[in-house]
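Numbering (my numbering), first residue to last: 1010 to 1284.
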């Protein structure tokens, strides 16, 4: 009953307060691309994307998914390590009015298949190193696109972006309580369960991360934490909101981490005991 009343209050509030703006983490990239268009947003090996380019790539992802016929709140799954594609998914998918399903890259083929089917994903983007986990699955009606992580033509993901419009999509978000991402649990007591995160919650959690960790415009964040895990604790959105720099990391390797701390001037990273 409380949940039903809360929804009713939200609708009434929206109608009686015309100044109210729906909170969505998509707005973080919009603002940073507008205010800091030439600031380096994403670093991945030799690749560098400015905030203008980052937004354009996210726009292309959104436009491509819309052009493929996906409808409001359809699901789009990503099975990728911490690459630019995985980061772009956190903006491009919700910008299209769709729901992101980030899948743990350490799961078995059977577990990945269950999540894809349970979530009802219409698209699956899979990294080339993980394609072997998806190929055996019966994904009738699901379009699968390989991500070679090259940033160049001939990479199926890059070709998908290149064929789409770089302009922002017309917003489909009707309510900040709409689902932005479905994150699946580890499934220790049974099959994994999908936890639905809404736009408002993602936005506010990202703000909390920014305040708690002291992120600033000058910060450089190293992606040791999997983006598939709770959306990288919302640092995917928080780092972007500050106009800071993301440094992608395909796998956790101590020598590579030390090198990046030195060469990229890392100021923040998440250090689990295993890291």
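Heads up, the beta-carbon is just placed ideally off N, CA and C, and yes, glycines get one too.
### Task
For residue 1204, count neighbouring C-beta atoms within 10 Å of its own C-beta (all shown protein chains included) and say buried if the count is 16 or more, exposed if not.
exposed
### Query
Candidates 1120, 1141, 1078: which alpha carbon is nearest residue 1197's?
1120
### Message
I'd like the list of long-range same chain contacts for residue 1045, defined as Cβ closer than 8 Å, with 5 residues on each side in sequence excluded.
### Response
1060, 1226, 1252
### Task
Confirm, please, whether the CB-CB distance from residue 1109 to residue 1085 is below 8 Å.
yes
### Terminal residues of the beta strand (DSSP E) in which residue 1229 lies
1229-1231
### Alpha-carbon spacing of residue 1041 relative to residue 1083, whole angstroms
27 Å
### Task
Please state if the CB of residue 1148 and the CB of residue 1125 are separated by a distance shorter than 8 Å.
yes
### Message
Just to confirm my understanding: we take residue 1134, look at its own chain, exclude 5 residues before and 5 after, and list those with CB closer than 6 Å. What are they?
### Response
1087, 1154, 1156
### Query
Going by C-alpha distance, which of 1256, 1269, 1279 is nearest residue 1057?
1256
### Residue ranges of each alpha helix (DSSP H) within the segment 1066-1115, 4 or longer
1093-1104
### Message
Helix, strand or coil, according to DSSP, for residue 1186 in the structure here?
### Response
coil
### Message
For the beta strand (DSSP E) containing residue 1251, name the first residue and the last one.
### Response
Where residue 1251 is concerned, there is no enclosing beta strand (DSSP E), given that its DSSP letter is neither H nor E.
### Message
Just verifying my parser: in three-state terms, what is the DSSP assignment at residue 1042?
### Response
helix
### Query
What are the boundary residues of the beta strand (DSSP E) that includes residue 1203?
1203-1207
### Task
Kindly list the residues whose CB is nearer than 8 Å to the CB of residue 1072, restricted to its own chain and excluding five residues on each side of it in sequence; keep chain order.
1105, 1173, 1174, 1175, 1176, 1178
### Query
Grouping DSSP H, G and I as helix and E and B as strand, with all else coil, what is residue 1198?
coil
### Task
Could you spell out the range, first to last residue, of the beta strand (DSSP E) harbouring residue 1134?
1130-1136
### Query
Contact check, residue 1222 vs residue 1038 under 8 Å by CB: the rounded distance?
Residue 1222 to residue 1038, Cβ: 19 Å. No contact.
#### Entry: Rounded straight-line distance, which links the Cα of residue 1264 to that of residue 1190
33 Å
### Query
By how many angstroms is the C-alpha of residue 1206 removed from the C-alpha of residue 1167?
28 Å
### Query
Under 8 Å, do residue 1090 and residue 1200 count as touching if we go by C-beta distance?
no
### Message
Only counting the same chain, and skipping five residues up and downstream in sequence, which positions put a Cβ closer than 7 Å to that of residue 1261?
### Response
1233, 1284
### Per-residue DSSP class, three states only, for residue 1059
strand
### Task
Could you tell me which residues DSSP puts in a beta bridge with residue 1212?
Residue 1212 is not bridged to any residue.
### Task
Below 8 Å on the Cβ atoms is my guess for residue 1130 versus residue 1143; work out the distance and round it to an integer in Å.
Not a contact, Cβ separation roughly 11 Å.
### Query
Using CA coordinates, which residue listed in 1240, 1211, 1242, 1161 is at the minimum distance from residue 1066?
1161
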